[in-house]
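A short write-up of the structure that comes next.
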Amino acid sequence: MLNIVLFGPPGAGKGTQSEKLIAEYQLMHLSTGDILRGEIAAGTALGLEAKKLMDAGSLVPDEVVIGMISSKLDQNKNADGFIFDGFPRTVKQAEALDKLLAQKNTSITMMLALEVNDEELTKRLLFRGKFSGRADDQNEEIIRNRIKEYNNKTAPLKSYYSAQSKFQSVNGVGTVDEIFSNLRGKIATVK
Ligand code: B4P
72 MLNIVLFGPP GAGKGTQSEK LIAEYQLMHL STGDILRGEI AAGTALGLEA KKLMDAGSLV
132 PDEVVIGMIS SKLDQNKNAD GFIFDGFPRT VKQAEALDKL LAQKNTSITM MLALEVNDEE
192 LTKRLLFRGK FSGRADDQNE EIIRNRIKEY NNKTAPLKSY YSAQSKFQSV NGVGTVDEIF
252 SNLRGKIATV K
């Protein structure tokens, strides 16, 4: 199985590159951001709880997202592999994911990290905010909070996967096709 963690700060292009990777490698896409936005759109209790945090640019509690991923893994037992997009975002989530995959006799193959500077991230998200309708893309203060959450809680995951010799860094600035080609090059080293 090919199990990829697609990693990077908010606006790094995880969603954008996931679409291309799914088409190329026929992987199941698990985006916690998309799942949470689906819960909000459906007006569930979980969605209502998550919305306040997401709109402020804060992370949703670990137990909530770990539970969501656990049920998605159960629902997709026959998948050839997964792209985890925006998950894990904390060390606790990464440890939980390792355990969930071990129960299925599989593991993370590699973490692919998209590297993009803060100025470019802010520019991309503010631009998307003009069309996305997403509250968390609307102003610079919330975007700064998302980047701060990333630096404090998510960036440490690079060390977590480096310690397992699974960390691979890719420049996330350039055209979508250039970046995709670099990601494919990294995947070719393990496939
Ligand atoms: P996510 O939905 O994961 O969103 P993201 O960080 O905004 O997105 P991404 O990196 O995928 O950017 P995209 O490709 O769209 O998270 C949203 C919120 O959900 C979090 O803040 C948190 O509250 C909550 N959440 C989600 N997962 C969680 C978890 N595990 N634990 C706790 N909370 C969680 O690209 C952004 C923009 O850049 C797009 O407009 C795109 O067109 C553009 N772009 C992409 N590639 C480009 C390129 N090469 N050049 C120029 N522009 C590019």
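Reading the sequence shown from the start, the letters are residues 72 to 262 in the working numbering. From the three backbone atoms N, C-alpha and C, an ideal C-beta is built for every residue, glycine too.
If we ignore side chains and look at the alpha-carbon of each, how far apart do N74 and A127 end up?
Mapped onto the sequence shown, residue 74 falls at position 3. Mapped onto the sequence shown, residue 127 falls at position 56. One C-alpha to the other measures close to 31 Å.
Excluding the 5 residues preceding and the 5 following K163 in the sequence, name in chain order all residues of the same chain whose CB lies nearer than 6 Å to its CB.
As a working note, residue 163 is residue 92 in the sequence shown. Closer than 6 Å at Cβ, skipping near neighbours: D133.
Indicate whether L196 and P81 have their beta-carbon atoms separated by less than 9 Å.
In the sequence shown, residue 196 corresponds to position 125, counting from 1. In the sequence shown, residue 81 corresponds to position 10, counting from 1. The Cβ-Cβ distance between L196 and P81 falls below 9 Å.
In chain order, what residues of the same chain have a beta carbon less than 8 Å from the beta carbon of Q88, not counting five sequence neighbours either side?
Counted from its first residue, the sequence shown places residue 88 at position 17. These residues qualify, in order along the chain: L77, L185, V247, I250, F251 and L254.
Which residues in the same chain as A83 place their Cβ atom closer than 6 Å to its Cβ, once the five residues preceding and following it in sequence are excluded?
Locating residue 83 in the sequence shown gives position 12, where the first residue counts as 1. If we look at A83 and ignore the five residues flanking it on each side, its Cβ neighbours are L185, V187 and G243.
Excluding the five sequence neighbours on either side, which residues of its own chain have a C-beta within less than 6 Å of the C-beta of R217, listed in chain order?
Locating residue 217 in the sequence shown gives position 146, where the first residue counts as 1. Cβ within range, chain order: P81 and G128.
Starting from the N-terminal side, write out each stretch of the alpha helix (DSSP H) that is 4 residues or longer and does not extend beyond the segment 227-254.
228-234
Could you give the C-beta distance for K257 and L183, rounded to a whole number, given that I count them as a contact under 8 Å?
The residue labelled residue 257 in the question sits at position 186 within the sequence shown. The residue labelled residue 183 in the question sits at position 112 within the sequence shown. Between L183 and K257 the Cβ distance is about 6 Å, and since that is below 8 Å, they are a contact.
Nearer than 8 Å: is that true of the beta carbon of I250 relative to any heavy atom of the ligand B4P?
Position 179 of the sequence shown holds residue 250. Flag set: Cβ of I250 near the ligand B4P.
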